Amino acid sequence: KLRNGGKNTLVLSTILLTEIGAAVYKVIYMAIGECGVEVLQKKYSMQQMREMERMAENFQIIKMLCMEAKKMLMDQRKKSSEVICEQIGVSPNYLSSLIKKTTGSSMVEILTKKRIEKAMELLQCTGMKIGEITELCGYKDQYYFSHCFKKLTGVSPNKYRREHEQA
């Protein structure tokens, strides 16, 4: 509808952009907290988008908001592991070896298992696209995600979804 234009294009575009923005703020709030939301609001306030006649600028604001949120999430991932090691006074390598010694699994194996468990839940409970689930579970590449998923579950993400839709 948006591509074809029409009398409701501005309204639909505004609703779409507002929902995308709200989703970005929600993800940042859940991953980083209120301080992350405040940082985004200072740079990309949703109030800037109130003027419907500035639709092209609004799309650009949402694009920049998404890019900034992605950067914040990537930085947060790096920081969280550094903070854990600092708090317990060990190096990342030593912590990794302790985890392996204690659990019998490497940190990567544990992380992969948790990511795939989350993917399984999303495949069963949502209609999200595989690409969206890939990113939500911390993977950058959908093909690598599918490879890891199949290695752990024995089936592809699509087949897993189909099998659990029928159940």
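Residue numbers (this note's numbering): 250 to 416. In this text, a Cβ means the ideal position worked out from N, Cα and C, and glycines have one as well. No experiment lies behind these values; they were computed from the predicted model shown.
Residue 342 sits exposed, since fewer than 16 C-beta atoms from the chains shown fall within 10 Å of its C-beta.
C-alpha of residue 288 to C-alpha of residue 357: approximately 31 Å in a straight line. Considering only 281, 279, 280, 317, the residue with the shortest C-alpha distance to residue 294 is 317.
Within 10 angstroms of the beta-carbon of residue 307 lie 16 or more other beta-carbons, which makes it buried.
In this structure, residue 349 sits near residue 355, with a CB-CB distance shorter than 8 Å. Cβ-Cβ distances below 7 Å link residue 346 to nothing in the same chain once the five nearest sequence neighbours on each side are left out. With 16 or more other CB atoms across the displayed protein chains lying within 10 angstroms of its CB, residue 383 is buried.
According to the DSSP assignment, residue 359 belongs to the alpha helix (DSSP H) that extends over 356 to 374.
In this structure, 368 is the residue among 368, 388, 378 with its C-alpha nearest to the C-alpha of residue 402. Straight through space, the alpha carbons of residue 344 and residue 333 are spaced by roughly 9 Å.
In chain order, 347 place their CB closer than 8 Å to the CB of residue 339, counting only its own chain and leaving out the 5 sequence neighbours on each side.
When the alpha-carbon of residue 258 is set against those of 305, 375, 397, the nearest one is in 305. CA-to-CA, the gap between residue 260 and residue 351 works out to about 56 Å.
A distance below 8 Å separates the beta carbons of residue 280 and residue 322.
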